[in-house]
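Peer 1:
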């Protein structure tokens, strides 16, 4: 097991990038790697400690292939920090019962935002696919923020 850490700079102010993670309309517009989409009616987000984040990614070519996400926020600081935990005990070979995701938002020069995403504990065997998935999602987010 490892920590999956991804850092990405977005060409948008911090409050705008933060909103893209907590506004259901925006999450539906960008989340999921290319080839997957998130139906707006599947998105539920209550960004406060104890609040839920739930949605379902659906494969564009085969809608019977889905990947549901159901997490609980444990720490929220508006425009700065989102921390959530998800029960992953149902995922074969994951090797942990809970996955914690921490997303930090930092101001960068020129009105840009540095995002640092940490998922842990994370199975090393799944790291490459996860990095590619996040990178693909963030490419969609870049377009939304432009």
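Residue numbers (the working numbering): 198 to 343.
Cβ coordinates follow ideal geometry from the N, Cα and C atoms, glycine included.
None of these values were measured; they are calculated from a predicted model.
Using DSSP with H/G/I as helix, E/B as strand and the rest coil, what is residue 298?
Peer 2: As a first step, residue 298 is located in the chain shown; it is residue number 101 there, counting from the start. Three-state result, residue 298: strand.
Peer 1: Would the beta-carbon of residue 208 fall within 7 Å of that of residue 309?
Peer 2: Within the chain shown, the letter at position 11 stands for residue 208. Within the chain shown, the letter at position 112 stands for residue 309. For residue 208 and residue 309, yes; Cβs fall inside 7 Å.
Peer 1: On the DSSP bridge assignment, give the partners of residue 309 in chain order.
Peer 2: Looking up residue 309 in the chain shown gives position 112. Residue 309 pairs with 305.
Peer 1: Less than 7 Å between the C-beta atoms of residue 271 and residue 244, yes or no?
Peer 2: As a working note, residue 271 is residue 74 in the chain shown. As a working note, residue 244 is residue 47 in the chain shown. No, the pair does not count as a contact, with Cβ atoms beyond the cut-off.
Peer 1: Measuring CA to CA, which of 337, 219, 225 and 198 is closest to residue 276?
Peer 2: Locating residue 276 in the chain shown gives position 79, counting from the first residue. Nearest option by C-alpha distance: 219.
Peer 1: Below 8 Å on the Cβ atoms is my guess for residue 293 versus residue 280; work out the distance and round it to an integer in Å.
Peer 2: As a working mapping, residue 293 is identified with position 96 in the chain shown. As a working mapping, residue 280 is identified with position 83 in the chain shown. With 8 Å as the limit, residue 293 and residue 280 do not qualify as a contact, their Cβ atoms being about 16 Å apart.
Peer 1: Going by Cα to Cα distance, which pick from 265, 316 and 215 is closest to residue 251?
Peer 2: Counting from 1 along the chain shown, the entry for residue 251 is found at position 54. Closest by alpha carbon: 265.
Peer 1: Our contact map puts residue 224 next to residue 202 with C-beta atoms below 8 Å; I'd like the distance itself, whole angstroms only.
Peer 2: Reading the chain shown from its first residue, position 27 is the one you call residue 224. Reading the chain shown from its first residue, position 5 is the one you call residue 202. About 22 Å separates the two Cβ atoms, so there is no contact after all.
Peer 1: Give me the DSSP bridge partner(s) of residue 315.
Peer 2: Here residue 315 corresponds to residue number 118 of the chain shown, with the count starting at 1. In the DSSP output, where bridge partners are listed per residue, residue 315 has 202 and 299.
Peer 1: Taking residue 254 and residue 235 to be in contact with their CB atoms under 8 Å, please state how far apart those CB atoms are, rounded to whole angstroms.
Peer 2: Sequence index remark: in the chain shown, residue 254 carries index 57 (1-based). Sequence index remark: in the chain shown, residue 235 carries index 38 (1-based). 6 Å between Cβ atoms; contact.
Peer 1: If you reduce the DSSP assignment to three classes, tell me which class residue 259 lands in.
Peer 2: As a first step, residue 259 is located in the chain shown; it is residue number 62 there, counting from the start. Here residue 259 sits in coil by DSSP.
Peer 1: For residue 217, which residues from the same chain have a beta carbon less than 7 Å from its beta carbon, with the 5 sequence-adjacent residues on both sides left out?
Peer 2: Indexing the chain shown from 1 puts residue 217 at position 20. So the qualifying residues of the chain are 223, 227, 338, 341 and 342.
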